[in-house]
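Take a look at the structure set out below.
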Amino acid sequence: MKESKRTFKTDGVDETIKFGERLGMLLLPGAVLALIGELGAGKTALAKGIVRGLGVTDMRAVKSPTFALVHKYEGRIPIYHFDAYRLKGSEEMLHIGSDEMIYGNGVALVEWADNVSGCLPQEYLKITLTAVSENERNIEICGYGNRYDEIINNLS
Ligand SMILES: Nc1ncnc2c1ncn2[C@@H]1O[C@H](COP(=O)(O)OP(=O)(O)OP(=O)(O)O)[C@@H](O)[C@H]1O
Ligand SMILES: [Mg+2]
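Given below as C-alpha cells:
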C-alpha cells in the first residue's frame with residue numbers, strides 16, 4: 140500500500156486551526172483521520188480547522204466529545220468527530236455504531252485513535268501532534284493509501 144509522510148510545524152493555536160482548514164478543504168467523502176497526541180497536543184484545535192474547511196461556519200460547536208463519544212456536524216460532507224480517550228478498546232467503539240460512521244460517506248475524525256486502532260480501515264490518514272514548546276506543535280501526517288497521498292501532496 141502507498142505510504143507517504145510529511146511534517147508541518149505550527150506556532151500558536153490559530154496556525155493549527157488554519158492548517159486544519161486547508162486540510163479540510165481537500166477531504167473527500169469516506170476520509171478517515173486518526174488524531175493522535177497527548178492531552179493538550181492540539182487534536183481538537185486541528186479538528187476545529189478541519190470542520191471549518193469542510194464548510195461548517197460555527198466552530199464553537201466543535202469540542203472534544205469526551206462524554207458523548209461522537210459529535211456530528213453538517214458540512215459539505217457529514218462529519219463524525221469521535222473522542223476515544225475514555226474507551227478501553229475497539230469493542231466499545233463498535234458498540235456506539237462507529238462502523239457505519241467510519242465506513243460511510245462522511246468524514247471521520249478520531250481523537251485518541253490509538254485506543255481504538257481496530258476500528259480504523261486499512262486506508263486512513265494518521266496525524267500525530269507533538270508539543271515542542273508552549274505554542275509550537277509538530278504535526279506529522281502519514282497517509283496510508285493512494286487517496287491520502289494526493290491530499291498530502293496538495294498540502295502546501
Ligand atoms: N500550535 C498550537 N496548536 C494547537 N494548540 C496550541 C498550540 N499552541 C498552544 N496551544 C494550546 O494547546 C491546547 C490544545 O488543546 P486541544 O483541546 O486542541 O488539545 P487536545 O489534543 O484535543 O487535548 P485532549 O486530549 O484533552 O482532548 C489549547 O489550549 C491551545 O490553546
Ligand atoms: Mg481534544
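Sequential numbering of the sequence shown, starting at 140, is according to this note's numbering.
Each residue gets a CB set at the ideal place from its N, CA and C atoms; glycine is no exception.
Compute the Euclidean distance between the alpha carbons of residue i and residue j, then round it to the nearest angstrom.
i, j, result
"Cys281", "Ala223", "20 Å"
"Glu275", "Leu166", "25 Å"
"Phe221", "Asn254", "12 Å"
"Leu259", "Thr267", "15 Å"
"Gly245", "Val190", "12 Å"
"Lys144", "Lys265", "9 Å"
"Glu262", "Ala270", "26 Å"
"Leu172", "Glu250", "9 Å"
"Tyr283", "Glu273", "30 Å"
"Tyr242", "Ala186", "19 Å"
With 16 other CB atoms within 10 Å as the buried threshold, where does residue i fall?
i, result
"Ala207", "exposed"
"Gly159", "buried"
"Lys211", "exposed"
"Pro204", "buried"
"Thr149", "buried"
"Asn151", "It is worth fixing the name first, because residue 151 is Gly in this sequence and not Asn. Exposed: under 16 other Cβ atoms inside 10 Å."
"Met140", "exposed"
"Ser227", "Per the sequence shown, the amino acid found at residue 227 is Lys instead of Ser. Exposed, by the Cβ-count rule."
"Glu154", "buried"
In the DSSP assignment, what residue or residues form a beta bridge with residue i?
i, result
"Ala247", "Val171, Tyr219"
"Ala270", "Arg276"
"Lys282", "According to the sequence as given, residue 282 is Gly; it is not Lys. Ser143, Leu264, per the DSSP bridge assignment."
Take residue i as the anchor and find which of the options has the nearest alpha-carbon.
i, options, result
"Arg215", "Gly194, Glu230, Arg199", "Gly194"
"Leu294", "Lys141, Met232, Glu142, Thr146", "Thr146"
"Gly192", "Leu162, Val209, Gly176, Ala180", "Leu162"
Contact shell at 7 Å, judged by CB to any heavy atom of ligand 2, ordered along the chain: Lys182, Thr183, Ser203, Asp222, Glu250
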